[in-house]
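Using the numbering used here, the first residue of the sequence shown is number 8, and each one after it goes up by one.
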Amino acid sequence: MKGVKDEEHQHTKNKSVGGSVGVFVGTNGNSYGIGIEGSVNVAKGKSNSDSERWQNSHLQADKLITNSEAGNLSLDAANLKAKRWEADIQNLTITSRQDTEKYESKQTSASASGSVAYGSGGGASVSASYNKAKVDYAQVNEQAGIRVGEDGMEANIHNHTQLNGAIIESDADESKNHFKTKSLTHTDIENKS
């Protein structure tokens with residue numbers, strides 16, 4: 008039993024070049040002046056975005072029986088919920104999945120402008136900028152697992168139980184819960200933002 012995964016990938020590049028040239032006329036009292044002014048600007052950048060979203064699958068029943076002596080039960084981004092759960096299987100694997108997003112952006116730009124006036128020299132200016140952004144996000148929004156109600160569980164896992172950031176829990180009294188497995192491994196999933 009597996010949840011639904013939605014993926015999105017975006018990769019973009021941009022580049023622009025622009026400029027202008029003009030002639031100006033100025034006055035100062037009874038005198039006149041003429042000059043040339045111009046500017047140029049260049050910008051370029053790129054961005055990469057990759058995201059993955061999980062929607063857990065759910066199965067709910069009053070009594071859930073998963074008996075298959077030769078088979079396995081795998082819950083990948085999935086949840087089982089029942090008042091009572093009975094199982095007789097070889098292996099049990101439950102895995103929680105993270106929603107992830109990775110984003111990286113780089114942008115550079117430069118511009119220059121100047122002017123020359125006849126008989127009086129000129130002036131110029133130059134500027135540049137560099138911007139960088141990065142996001143690396145991973146979060147389990149819904150934990151996968153088996154949730155048992157007041158009637159408890161009777162589970163016999165002949166070989167191995169693997170819980171990857173997942174849970175098996177029961178609301179029943181301890182006397183109604185019987186879980187047997189040859190080996191059990193639990194791994195944590197680290198969230199980051």
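Ideal Cβ positions, reconstructed from N, Cα and C, are used throughout, including at glycine.
- Membership of M160 in the beta strand (DSSP E) is indicated by the continuous run 152 to 171.
- By the C-beta density criterion, T168 is buried, having at least 16 other C-beta atoms within 10 angstroms.
- Per DSSP, the unbroken beta strand (DSSP E) holding D95 starts and ends at 85 to 102.
- Boundaries for D195: no beta strand (DSSP E) harbours it, and the DSSP string shows neither H nor E there.
- Assigned with DSSP and collapsed to three states, E181 falls in helix.
- Counting along the chain, G121 sits inside the beta strand (DSSP E) bounded by residues 106 to 124.
- Rounded to whole angstroms, the separation of the alpha carbons of S200 and A179 is 36 Å.
- The beta carbon of L80 sits closer than 6 Å to those of T73, I96, L99, all from its chain and outside the five residues before and after it, given in chain order.
- Here DSSP, grouped into helix, strand and coil, assigns N79 to strand.
- By the criterion of a C-beta distance shorter than 8 Å, S118 is surrounded in its chain by S46, V47, N48, V49, V133, S134, A135, once the five residues flanking it on both sides are discounted.
- Taking N148 as the centre and dropping the five residues before and after it, the same chain places the C-beta of D106 closer than 7 Å to its C-beta, in chain order.
- Here S132 carries a strand assignment [DSSP, helix/strand/coil].
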